[in-house]
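**Student:** Taking my numbering, the leading residue of the sequence shown gets 4, the next gets one more, and so forth. This structure is in structure tokens; I'll ask about it shortly.
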Amino acid sequence: MSVHHKLKEIQKKLKAPKNQKNTFGGYKYRSCEDILEAVKPLLYEQDCTLTINDEVIAVVDNVYVKATATLTDCVSDSQVTATAYAREQETAKGMSDPQITGSCSSYARKYALNGLFCIDDTKDADATNTGDEQPKPPVRRSRRKIMVDENCPF
Numbered sequence: 004m005s006v007h008h009k010l011k012e013i014q015k016k017l018k019a020p021k022n023q024k025n026t027f028g029g030y031k032y033r034s035c036e037d038i039l040e041a042v043k044p045l046l047y048e049q050d051c052t053l054t055i056n057d058e059v060i061a062v063v064d065n066v067y068v069k070a071t072a073t074l075t076d077c078v079s080d081s082q083v084t085a086t087a088y089a090r091e092q093e094t095a096k097g098m099s100d101p102q103i104t105g106s107c108s109s110y111a112r113k114y115a116l117n118g119l120f121c122i123d124d125t126k127d128a129d130a131t132n133t134g135d136e137q138p139k140p141p142v143r144r145s146r147r148k149i150m151v152d153e154n155c156p157f
């Protein structure tokens, strides 16, 4: 079986639910670690390995972390890769420089894994539409008189 067929099987079977909760924003999410935990048994089953490498890239005044996720077939040594970038924030309240780089790396790695394993982080309107809600009528706004200053250059 080719590396692409093995990847297809992993993509079909992989379940990485959003088990983390952001209490401040009130939303659920999955972390890089969640994806790795879910994919490890499937890698073993398909006789594949997964590696993730980071590269720090400076562009003008910004620092980016380029993460590359590589799936390797242990039998043929064939590989499939996916890459993602994340930009470091200049400052983050309460975080040291290494922590900022580490969180940027985790973010880039997560999105490289999302790309490799076809994990979608959004739900489309059809997935969240129950069909029970009636569309809301458009809100009518009252007309306001706009004053124009003829001397204004804009």
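For glycine and all other residues, C-beta sits at the position ideal for the given N, C-alpha and C. Since this is a predicted model, take the numbers as computed values, not measurements.
Starting from the N-terminal side, write out each stretch of the alpha helix (DSSP H) that is 4 residues or longer and does not extend beyond the region 26-114.
**Tutor:** For the region 26-114, whole alpha helix (DSSP H) runs of length 4 or above, ordered along the chain, are 35-48.
**Student:** Taking the CB atoms as reference points, tell me whether S5 and K113 lie closer together than 9 Å.
**Tutor:** Against a cut-off of 9 Å, the Cβ pair of K113 and S5 comes out as no contact.
**Student:** Since K24 sits in a beta bridge, which residues does DSSP pair it with?
**Tutor:** Answer is K31, bridged to K24.
**Student:** Do the region 39-52 and the region 87-104 make contact, defined as three or more Cβ pairs closer than 8 Å?
**Tutor:** Taking 8 Å as the limit for Cβ pairs, the verdict is that the region 87-104 does not touch the region 39-52.
**Student:** Given 8 Å as the limit, tell me if A85 has its C-beta closer than that to any heavy atom belonging to the ligand SAH.
**Tutor:** Judged by which ligands are present, the structure shown has none, so any question about the ligand SAH falls away.
**Student:** With distances taken from CA atoms, which of Q14, S79, T52 is nearest N117?
**Tutor:** Checking every option, the nearest Cα to that of N117 belongs to Q14.
**Student:** Along the alpha helix (DSSP H) that carries K15, what are the first and last residues, could you check?
**Tutor:** Residues 6-16.
**Student:** Please determine if the region 66-75 and the region 24-34 are in contact, where contact requires at least 3 C-beta pairs separated by less than 8 Å.
**Tutor:** At 8 Å Cβ cutoff, the stretches do not touch.
**Student:** Nearest by alpha-carbon distance to I122: which of V62, D37, G28 is it?
**Tutor:** For I122, the nearest C-alpha among the options comes from D37.
**Student:** Roughly how far, in whole angstroms, is the beta-carbon of A115 from the beta-carbon of I60, given that I think they are within contact range, below 8 Å?
**Tutor:** Between I60 and A115 the Cβ distance is about 14 Å, and since that is not below 8 Å, they are no contact.
**Student:** Report the residue from C107, T84, S79, S81 whose alpha carbon sits nearest the alpha carbon of R90.
**Tutor:** Considering only alpha carbons, the answer is C107.
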